[in-house]
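Remarks on the structure that follows.
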Amino acid sequence: MASDKRPASGEYGNSQMVVKKQNLGNNNKAVAVVNGSAANGALIQAVPRTTGLQAPVMELSGHSGEVFCAKFDPNGNYIASGSMDRTIMLWRTFGNCENYGTLTGHKGAILDLHWSRDSRVLFSASADMHLASWDLETGTRIRRHVGHEEIINTMDISKRGEELLISGSDDGCIGIWDPRTKSAVDFIETEFPVTAVALSEAGNEIYSGGIDNDIKVWDMRRKAVVYSMLGHTDTISSLRISPDSQSLLSNSMDSTVRTWDIRPFAPTERHIRTFDGAPAGMEKNLISASWNFDGKRIAAGAGDGTVVVWNSESGKLMYKLPGHKGTVNCAELSPSSDPIVLSGSSDRRLLLGELK
50 MASDKRPASG EYGNSQMVVK KQNLGNNNKA VAVVNGSAAN GALIQAVPRT
100 TGLQAPVMEL SGHSGEVFCA KFDPNGNYIA SGSMDRTIML WRTFGNCENY
150 GTLTGHKGAI LDLHWSRDSR VLFSASADMH LASWDLETGT RIRRHVGHEE
200 IINTMDISKR GEELLISGSD DGCIGIWDPR TKSAVDFIET EFPVTAVALS
250 EAGNEIYSGG IDNDIKVWDM RRKAVVYSML GHTDTISSLR ISPDSQSLLS
300 NSMDSTVRTW DIRPFAPTER HIRTFDGAPA GMEKNLISAS WNFDGKRIAA
350 GAGDGTVVVW NSESGKLMYK LPGHKGTVNC AELSPSSDPI VLSGSSDRRL
400 LLGELK
């Protein structure tokens, strides 16, 4: 990564040269690239730092196909990334960003990932029409979850109580799964391919988006739509509930990111704010957006190779970060208090960046 990839401008330090560090894990093709101002790292410490990252920008390379999804574990110490190459790579956030494991077994691209609440299990959604659960202590697949008849675009996991998975597929169904069993607990049939899902904190409502541009809120037990939220003019590409469970974040192929009021007794007009500046691009990938740990910042990938970060309360554009050479398919803000943004791109790379 050259020094002009993510210009410092005060936010990322003064990058002068590149040091490549081979990973210490099993995949000898994976590397971490450190942006620093001296080979020995001495001058890196002279730049005001805001996180525990080894350098203000870290590049993680190893996938041989487009990176479609990447997620921090609940503590922000580990990263899982999924790719067109049908593998899931596991990385450490800090130190050399070591690639400490690779999970194989899917027969299609990895399109979404979620960590279990205790970080011991990883769940994946794939174009091979299956979900999978993985034991991260042994690196083996626990089971496949079978039932969808088309590509699985998206998934989410329960925030509390009994562990539950939900999934959305091109077959027009929302799947409800107990991770302990192979088959789905239930399916909710919709009229269109489902491209984004989110599960409420209480676990009783499902938010879904698809190619009809609308966000629907489902009563999971009755399998009925409670209400819809209208405003997007193209396919919904991701949905994410805020840390306080009061708002929903949506991204769309209409090149807007929006927030919505999902409190039970909110006004009929639930739209809060629209955020511009993250073009969807020509590839029409399902680009994701995320909240930071306290819900005050949101980030989204963009078709122009940038990561865009806004203040969620004011709508102010805070950062538009270059560095990738292809569509940024996912942008994740750390679940910890560290101001770190993780991005995965069609250029096959991941970047970890330090914010102020």
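The sequence shown begins at 50 in our numbering and counts up by one.
Virtual Cβ for every residue (Gly too), placed ideally from N, Cα, C.
Helix, strand or coil: how does DSSP classify residue i here?
i, result
"S392", "strand"
"S168", "coil"
"A88", "Confidence is the limiting factor: at A88 the pLDDT is only 38, short of 50, which leaves the residue's position unreliable and the question unanswerable from this model."
"S52", "Since pLDDT at S52 reaches only 32, below the 50 mark, its modelled position is unreliable, and no value is offered."
"H281", "coil"
"E186", "coil"
"N77", "With a pLDDT of 46 at N77, under the threshold of 50, the modelled position of that residue is not reliable, and the figure given next carries that caveat. Here N77 sits in coil by DSSP."
"R209", "coil"
"H163", "strand"
"L102", "coil"
"Q71", "Because the pLDDT of Q71 is 32, which lies under 50, any placement of that residue in the model is unreliable, and the number read from its coordinates should be weighed accordingly. Residue state, collapsed to three classes: strand."
"Q94", "Reliability of the predicted coordinates at Q94 is poor, the pLDDT of 45 falling under 50, and no value is obtained from them."
"A315", "coil"
"K374", "coil"
In chain order, what residues of the same chain have a beta carbon less than 8 Å from the beta carbon of residue i, not counting five sequence neighbours either side?
i, result
"S218", "M178, H197, E198, E199, I200, I201, N202, G224, P242 and V243"
"I347", "L298, V306, T308, F324, A338, S339, W340, N341, V358, W359, S361 and L382"
"A273", "W267"
"F236", "G196, C222, I223, G224 and I225"
"K345", "N360, S361 and E362"
Assign residue i to buried or exposed, taking buried as 16 or more other Cβ atoms, counted over all protein chains shown, within 10 Å of its Cβ.
i, result
"L370", "buried"
"Y256", "buried"
"G144", "exposed"
"Y276", "exposed"
"N77", "In this predicted model, N77 has a pLDDT of only 46, less than 50, meaning its place in the structure is not dependable; the value taken from the coordinates is given anyway. Classification of N77: exposed, given that the 10 Å Cβ count is below 16."
"E147", "buried"
"F314", "exposed"
What residues match up with residue i in a beta bridge as DSSP calls it?
i, result
"M204", "S216"
"M138", "S130 and T151"
"R193", "A181"
"E254", "D268"
"S296", "D310"
"C379", "G393"
"N360", "R346"
"D16", "Residue 16 cannot be examined here, being either before or after the span of the chain that is shown, 50 to 405."
"R322", "T308"
"C118", "G131"
"K369", "V357"
To which residues of the same chain is residue i closer than 7 Å at the C-beta, ignoring the five residues directly before and after it?
i, result
"I331", "With the sequence shown as reference, residue 331 is identified as Met, and Ile is not the correct amino acid for it. G352, listed in sequence order."
"G364", "R322 and F324"
What residues in its chain sit with their C-beta under 6 Å from that of residue i, if we drop five residues either side in the sequence?
i, result
"T153", "T136"
"L212", "According to the sequence as given, residue 212 is Glu; it is not Leu. Counting only Cβ-Cβ distances below 6 Å, and skipping sequence neighbours, we find P228."
"G280", "H320"
"L366", "G326 and W359"
Do residue i and residue j have their C-beta atoms closer together than 9 Å?
i, j, result
"G131", "I159", "yes"
"L139", "F172", "no"
"F121", "P292", "no"
"A174", "R193", "no"
"D343", "T99", "no"
"S296", "I311", "yes"
"D134", "G114", "yes"
"G350", "S392", "yes"
"L102", "L399", "no"
"V377", "Y368", "no"
"M204", "V246", "yes"
"E403", "P105", "yes"
"D261", "T282", "no"
"I264", "L288", "yes"
Just to check, is the beta-carbon of residue i closer than 8 Å to a non-hydrogen atom of the ligand MG?
i, result
"C379", "By its list of ligands, the structure shown contains no ligand whatsoever, and the ligand MG lies outside what it can speak to."
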